[in-house]
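Residue numbers (our numbering), protein chains in the order written: chain A, 1 to 254; chain B, 1001 to 1296.
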């Protein structure tokens, strides 16, 4: 069984079929891209996997355990980390604290430690800071630790979202349009970061992206979605030459 | 002198209550319009334990706080799962229900006539120590993992869940801490005035406290403490304005909310680190001014 198995999921909102029979298997070290025009149901797929929506039909398994109808925070703790298309960092917390929030559910001190300076609290806070600083370093954010996220340039905010998702210690990482709004230099930095993560830490990475060059470049498998349906699955080269895909992206030749 | 001590105690008791409300409203983004009812429970229970059952004052306080937290848990259990705006409605209803109960259960509470004969145990020293302790505990809470998760929930509940944060649990913890602090303020209040009646614990009091948190700064404990002291003290020192002082009060609050929506302190906290930064900035500013003067 694969690390992440999504089996025949369906999701509709009122009369709109957002996902129709979507399936996917992901393994450690693998990068898969999900592409498609706006409104194709890409983000809905992520929202079902991460538990923000429950699927109408179908199931999701993570590491052999069914997570289909679990609460969202429990799914995260099972090992799914994600970023958001429209950046959702925490206001009122600095860069390090933002990342610490993702560590806090794993932190092991009790309410007593929450109210008083116990040794356990000191120890766990230090452990947390070390782990978080490690992920800030990987994403190249070490020097911005004390900044407010809203003061960072867009590209760094996107990286901070990734650092925060990494701190959840996930097995599967869902990246929702991580390159949106980035300039070409930032995109190439991001590409090498995603490659590094997949290689060194061995996540299974799912990537929603509009920039075809980026997706084609780093994904091993690509799913093409259109109006909720999967119209093609395969290696980048196969997908690139697929007739349906060309039609969906460029329109039909009359 | 007596008068000043009495004013100081009143101010400090309000500071403790507002520090409690800060945990709920300032940190977690939940609005309780029934918070004063928890103060009432703390005040009545501790009072009744001492006067009718002969408990010593400290034990009565401890029991009153524990009992109020228990009531808070019952109210909070269905409430913390609701959307933020519904929480205000539920707590408003709860607060008014407690008020009605205190009025009706005259055999135990004295009804609308109030409950009297409570011995005066709240001294200035006790109140000062309690205030410092309350601020210290809430500060420790704010800088702990719980505090960070509260702030994350206030900022973006969905993203918080995606980070593995158990939102209902964290909200409950914040709610209960806030209830405990407010209940303790209630104990101090009862043994200060030696007489409690239901009318002072209405929703207006709860709303006052929420205003104080906003006035001081939406995310600042420093601000909550400052504004509770300032806004409670202000009417006392404006006695010569007689009835006009509530107008003055309203104008001050309106001005701040209009021109500084994040409150006076915003998210700024009074810490050694921030003071140092402030000092560096001030020195820089003075230097630039001096340079400009020299040029002229």
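Where is the CB? At the ideal position from N, CA and C, for every residue including glycine.
Between the alpha carbons of residue i and residue j, how many angstroms are there, rounded?
i: residue 105 of chain A; j: residue 1194 of chain B; result: 44 Å
i: residue 48 of chain A; j: residue 1049 of chain B; result: 54 Å
i: residue 157 of chain A; j: residue 1102 of chain B; result: 53 Å
i: residue 1272 of chain B; j: residue 1278 of chain B; result: 10 Å
i: residue 220 of chain A; j: residue 152 of chain A; result: 32 Å
i: residue 236 of chain A; j: residue 74 of chain A; result: 34 Å
i: residue 1010 of chain B; j: residue 1128 of chain B; result: 11 Å
i: residue 66 of chain A; j: residue 92 of chain A; result: 35 Å
i: residue 1085 of chain B; j: residue 1091 of chain B; result: 10 Å
i: residue 1283 of chain B; j: residue 1274 of chain B; result: 14 Å
i: residue 186 of chain A; j: residue 155 of chain A; result: 7 Å
i: residue 120 of chain A; j: residue 142 of chain A; result: 26 Å
i: residue 205 of chain A; j: residue 43 of chain A; result: 15 Å
i: residue 1269 of chain B; j: residue 1055 of chain B; result: 40 Å
i: residue 1132 of chain B; j: residue 1187 of chain B; result: 16 Å
i: residue 1083 of chain B; j: residue 1287 of chain B; result: 51 Å
i: residue 1296 of chain B; j: residue 1123 of chain B; result: 58 Å
i: residue 5 of chain A; j: residue 123 of chain A; result: 37 Å
i: residue 1148 of chain B; j: residue 1027 of chain B; result: 9 Å
i: residue 15 of chain A; j: residue 53 of chain A; result: 16 Å
i: residue 1181 of chain B; j: residue 1089 of chain B; result: 22 Å
i: residue 136 of chain A; j: residue 222 of chain A; result: 29 Å
i: residue 183 of chain A; j: residue 37 of chain A; result: 21 Å
i: residue 1240 of chain B; j: residue 1066 of chain B; result: 42 Å
Report, in whole angstroms, the separation of the C-beta atoms of residue i and residue j, which I expect to be a contact under 8 Å.
i: residue 1151 of chain B; j: residue 1219 of chain B; result: 7 Å
i: residue 1238 of chain B; j: residue 1226 of chain B; result: In fact, because the Cβ distance is near 18 Å, the residues do not count as touching under 8 Å.
i: residue 1155 of chain B; j: residue 84 of chain A; result: With 8 Å as the limit, residue 1155 of chain B and residue 84 of chain A do not qualify as a contact, their Cβ atoms being about 13 Å apart.
i: residue 1112 of chain B; j: residue 1198 of chain B; result: 7 Å
i: residue 59 of chain A; j: residue 7 of chain A; result: 5 Å
i: residue 159 of chain A; j: residue 181 of chain A; result: About 13 Å; that fails the 8 Å criterion.
i: residue 82 of chain A; j: residue 213 of chain A; result: Not a contact, Cβ separation roughly 23 Å.
i: residue 1033 of chain B; j: residue 1072 of chain B; result: At roughly 15 Å, the Cβ-Cβ gap does not stay under 8 Å, so residue 1033 of chain B and residue 1072 of chain B are not in contact.
i: residue 1024 of chain B; j: residue 1174 of chain B; result: 6 Å
i: residue 101 of chain A; j: residue 1013 of chain B; result: Not quite, the Cβ-Cβ distance comes to about 34 Å (not below 8 Å), so this is no contact.
i: residue 3 of chain A; j: residue 26 of chain A; result: 6 Å
Under 9 Å, do residue i and residue j count as touching if we go by C-beta distance?
i: residue 24 of chain A; j: residue 51 of chain A; result: no
i: residue 133 of chain A; j: residue 147 of chain A; result: no
i: residue 1263 of chain B; j: residue 1223 of chain B; result: yes
i: residue 109 of chain A; j: residue 1142 of chain B; result: no
i: residue 1036 of chain B; j: residue 1203 of chain B; result: yes
i: residue 63 of chain A; j: residue 171 of chain A; result: yes
i: residue 1163 of chain B; j: residue 1076 of chain B; result: no
i: residue 1015 of chain B; j: residue 1190 of chain B; result: no
i: residue 197 of chain A; j: residue 80 of chain A; result: no
i: residue 165 of chain A; j: residue 210 of chain A; result: no
i: residue 1209 of chain B; j: residue 1018 of chain B; result: yes
i: residue 1216 of chain B; j: residue 1134 of chain B; result: no
i: residue 225 of chain A; j: residue 231 of chain A; result: yes
i: residue 31 of chain A; j: residue 131 of chain A; result: no
i: residue 138 of chain A; j: residue 112 of chain A; result: no
i: residue 1042 of chain B; j: residue 1118 of chain B; result: no
i: residue 88 of chain A; j: residue 168 of chain A; result: no
i: residue 1044 of chain B; j: residue 1196 of chain B; result: yes
i: residue 9 of chain A; j: residue 45 of chain A; result: yes
State the beta-bridge partners of residue i as determined by DSSP.
i: residue 174 of chain A; result: A:82, A:206
i: residue 16 of chain A; result: A:13
i: residue 34 of chain A; result: A:208, A:223
i: residue 7 of chain A; result: A:59
i: residue 65 of chain A; result: A:62
i: residue 1033 of chain B; result: None, per the DSSP bridge assignment.
i: residue 1107 of chain B; result: In the DSSP output, where bridge partners are listed per residue, residue 1107 of chain B has none listed.
i: residue 24 of chain A; result: A:6
i: residue 1115 of chain B; result: B:1196
i: residue 272 of chain A; result: Outside the displayed range of chain A (1 to 254) lies residue 272 of chain A, so it cannot be described from this structure.
Would you list, in chain order, the members of the region 1273-1285 of chain B that have their beta-carbon closer than 9 Å to a beta-carbon of chain A?
-> none
Relative to chain B, which residues along the region 89-114 of chain A have a C-beta separation below 9 Å, given in chain order?
-> 89, 90, 91, 92, 93, 97, 98, 100, 101, 102, 103, 104, 105, 106, 107, 109, 111, 113, 114
Anything in the region 1162-1176 of chain B with a Cβ closer than 8 Å to a Cβ of chain A? List those residues in chain order, please.
-> For the region 1162-1176 of chain B, the set of positions with a beta-carbon nearer than 8 Å to some beta-carbon of chain A reads 1162, 1163, 1164, 1165, 1166, 1167, 1173 in chain order.
For the region 65-88 of chain A, enumerate the residues whose C-beta is nearer than 7 Å to any C-beta of chain B, in chain order.
-> 72, 73, 76, 77, 82, 84, 88
Residues of the region 205-226 of chain A with a CB closer than 7 Å to any CB of chain B: list them in chain order, please.
-> From the region 205-226 of chain A, no residue has a Cβ closer than 7 Å to chain B.
For the region 158-179 of chain A, enumerate the residues whose C-beta is nearer than 7 Å to any C-beta of chain B, in chain order.
-> 164, 168
Got a sec: which bits of the region 120-137 of chain A sit with their beta carbon under 7 Å from any beta carbon on chain B, in order along the chain?
-> 121
Cβ-based contacts, 8 Å cut-off: residues of the region 1136-1151 of chain B near chain A | Identification of residues in the region 1136-1151 of chain B having a C-beta nearer than 8 Å to some C-beta of chain A yields 1137, 1140, 1141, 1144, 1145, 1146, 1147, 1148, 1149, 1151, given in sequence order.
Taking Cβ-Cβ distances below 7 Å as the criterion, which residues of the region 1212-1226 of chain B are in contact with chain A?
-> 1219
Cβ-based contacts, 9 Å cut-off: residues of the region 1256-1267 of chain B near chain A | 1267
What residues from the region 39-62 of chain A come within 9 Å of chain B, judged by C-beta to C-beta, listed N to C?
-> 50, 51, 52
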